[in-house]
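Engineer:
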Amino acid sequence: MSKRIKDTDYLFLSSRIHVLETTLLNKERRERMLEAASDSDAVRVLVECGYPEMPVVDVDSVNNALAVMRDRVFEDLYAFAPDPKMIDVFKVKYDYHNAKALLKAEAMGTDPQRLLMDVGRYPVKELTEAVREKSDGGFSEIFALAVQEAREVLGTTRDPQQSDFVLDKAYFREMEQLAQATGSEFLAGYVKAQVDVANLKSVVRVLRMKKNPEYLSNVLFEGGTIGADTLLQMAERGEKLEGMYGSTPYAAAAEEGQAAVAGGKLTAFERSCDNALMDYVAEAKYVPFGEQVLIGYLVAKESELTAVRIIMMGRLAGLSTDVIRERLRDAYV
21 MSKRIKDTDY LFLSSRIHVL ETTLLNKERR ERMLEAASDS DAVRVLVECG YPEMPVVDVD
81 SVNNALAVMR DRVFEDLYAF APDPKMIDVF KVKYDYHNAK ALLKAEAMGT DPQRLLMDVG
141 RYPVKELTEA VREKSDGGFS EIFALAVQEA REVLGTTRDP QQSDFVLDKA YFREMEQLAQ
201 ATGSEFLAGY VKAQVDVANL KSVVRVLRMK KNPEYLSNVL FEGGTIGADT LLQMAERGEK
261 LEGMYGSTPY AAAAEEGQAA VAGGKLTAFE RSCDNALMDY VAEAKYVPFG EQVLIGYLVA
321 KESELTAVRI IMMGRLAGLS TDVIRERLRD AYV
C-alpha cells in the first residue's frame with residue numbers, strides 16, 4: 021500500500037502556487053485588457069502575467085500563447101506535485117477532446133491537426149497512431165473502450181453528437197475514478213460539481229428543444245450530487261428548474277436556465293454555471309497549504325485561459341467592450 025500523502029507534503033508546492041497566484045489575470049488586469057487602446061496594449065497585460073510576446077496579434081498568435089501557457093502550467097506543477105494524479109484529473113479532458121477530433125476527422129477524411137491539443141496524458145502523436153491503427157495504445161481501459169465504442173456509434177449512426185456523448189460519459193466516469201484514487205474529498209467534490217453542471221446544461225438544452233423525458237434520459241451523466249434518475253423523475257413531473265435546483269449551489273444558474281428555456285440567451289446561464297464551479301473552489305484561496313491550493317489554482321488557470329480567449333477573440337472580432345465583459349466568468353482572484 022502506498023504511503024498516504026499529507027497536507028504538509030504540499031508545503032513547498034503551496035508556497036510556490038501562492039506566488040504564482042499574484043500573476044493571475046485578476047479583475048483589474050481584465051479591465052485593463054478590455055479598456056486597452058489597442059490589441060497590442062491588451063497583450064502587454066498578458067505578458068505581465070507570464071504569457072509569451074505576440075509581435076503580430078491575430079487568432080493564431082493568441083491560440084499559440086494559450087497553448088504555451090497551458091503546457092507550461094501542467095509541466096511546472098507536474099514537477100512538484102506530491103501526487104501527479106491530481107493533475108491528471110485536469111489533463112484527461114484533453115485526451116477526450118483529441119479523441120473526438122480524431123474520430124470525426126477519420127469519418128470525414130479531413131486533417132485534425134489544428135484541432136488537437138498536446139497537453140493530455142497521452143501525446144498527440146501516440147494517440148493519433150493508435151486511433152489510425154485501431155489499437156488500445158496502452159491507454160486506460162475506460163478511454164480505450166470509449167474510443168472503440170464511439171467509432172462504432174459514429175460509423176453506424178453518422179451522428180457526431182451520439183459519438184461525442186459516448187466519450188463524454190466515459191470522460192466523467194474516468195475523471196471520477198482518477199479523483200477517487202487521489203483520496204482527496206475536495207477534488208472528488210469538484211468532479212461531482214462538474215457532473216451537476218453538465219446535467220443542468222443538458223436539462224436546459226432538452227427543455228429548449230422541447231424534447232421528451234426519454235430523450236433527456238439519454239443525455240444525463242452519472243456521478244453528480246443529484247442523481248440522473250432524480251433529475252429525470254423531476255422532469256417527468258414537469259417541475260421548474262428552480263424547484264429542481266433551488267436548495268443546491270446551482271440555484272442562480274437554474275434561474276438563468278429557466279429564463280433561457282423561455283427563449284432567453286444562453287450566455288448568462290452558461291456564465292452562471294461556470295461561476296458555480298468557481299464558487300466551489302473559492303475556499304481554496306484561504307487554505308495555507310494542501311491539495312486544495314493546487315486544485316484551486318488549476319481551476320483558476322483554466323478559467324483564466326477561457327477569459328483570455330473571450331477577451332482577445334472578442335477584440336479581434338470587433339465586439340464592444342460591454343458585449344465582451346458580459347461573457348466573462350467570475351475571476352478566482
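The sequence shown lines up with residues 21 to 353 when you count with the working numbering.
Backbone N, C-alpha and C fix where the C-beta goes; we use that ideal spot for every residue, glycine too.
All of these numbers come straight from a predicted model, not from anything done at the bench.
Should M229 be labelled buried (16 or more other beta-carbon atoms within 10 Å of its own) or exposed?
Structural biologist: Looking at its Cβ environment, which holds fewer than 16 other Cβ atoms inside 10 Å, M229 is exposed.
Engineer: So, is E146 buried or exposed, given that buried needs 16 or more other C-beta atoms within 10 angstroms?
Structural biologist: Counting Cβ neighbours within 10 Å, E146 comes out exposed, since fewer than 16 surround it.
Engineer: Hey, F241 and F192 are a contact pair by Cβ (cut 8 Å); roughly how many whole angstroms apart?
Structural biologist: Correct: roughly 5 Å between the Cβ atoms.
Engineer: Identify, in the order they occur along the chain, each residue of the same chain with its Cβ nearer than 7 Å to the Cβ of H117, setting aside the five sequence neighbours on each side.
Structural biologist: Only M137 meet the Cβ criterion.
Engineer: L86: which of G316, R329 and G334 sits nearest, CA to CA?
Structural biologist: Checking every option, the nearest Cα to that of L86 belongs to R329.
Engineer: Are T287 and R347 closer than 8 Å when you measure CB to CB?
Structural biologist: Closer than 8 Å, so yes.
Engineer: State the DSSP-derived secondary structure class of F94, mapped to helix, strand or coil.
Structural biologist: Note: F94 maps to helix in three-state DSSP.
Engineer: Flag this pair as touching only if the stretch 167-178 and the stretch 269-283 have three or more C-beta atom pairs under 8 Å; answer yes or no.
Structural biologist: Judged by Cβ distances under 8 Å, the stretch 167-178 makes no contact with the stretch 269-283, as fewer than three pairs qualify.
Engineer: Relative to the alpha-carbon of R349, which residue among G158, Y98, E234 and S292 has its alpha-carbon at the smallest distance?
Structural biologist: Looking at the Cα atoms, S292 is the closest of the given residues.
Engineer: So with Cβ pairs under 8 Å, would you call D131 a contact of chain D?
Structural biologist: The displayed structure is made up of one protein chain only, and chain D is not part of it.
Engineer: Please report how far the alpha carbon of L318 lies from the alpha carbon of E196, in whole angstroms.
Structural biologist: If I take the Cα positions, the gap works out to 17 Å.
Engineer: For D108 and V211, what's the separation of their Cα atoms in angstroms?
Structural biologist: Near 12 Å, if we compare the C-alpha coordinates of V211 and D108.
Engineer: Extract the residue ranges of the alpha helix (DSSP H) inside the stretch 188-213, only unbroken runs of 4 or more that lie entirely within it.
Structural biologist: Fully enclosed alpha helix (DSSP H) runs of 4 or longer: not present.
Engineer: So, does the stretch 31-39 touch the stretch 92-112, judging by three or more C-beta pairs under 8 Å?
Structural biologist: Enough Cβ pairs lie closer than 8 Å, so yes.
Engineer: If you draw a straight line from the alpha carbon of P75 to that of V67, how long is it in whole angstroms?
Structural biologist: When rounded, the distance between both Cα atoms is 12 Å.
Engineer: Quick check on I37: does DSSP put it in helix, strand or coil?
Structural biologist: Reduced to three states, the DSSP call for I37 is helix.
Engineer: Is N84 buried or exposed, if buried means 16 or more other CB atoms sit within 10 Å of its CB?
Structural biologist: N84 is exposed by the Cβ-count criterion.
Engineer: Between V39 and Q214, what straight-line distance do the alpha-carbon atoms span, to the nearest angstrom?
Structural biologist: Roughly 27 Å between the two C-alpha positions.
Engineer: Return the chain-ordered ranges of every alpha helix (DSSP H) run that is complete within the stretch 95-180 and spans a minimum of 4 residues.
Structural biologist: DSSP runs (the alpha helix (DSSP H)) wholly in the stretch 95-180: 105-128, 144-153 and 161-177.
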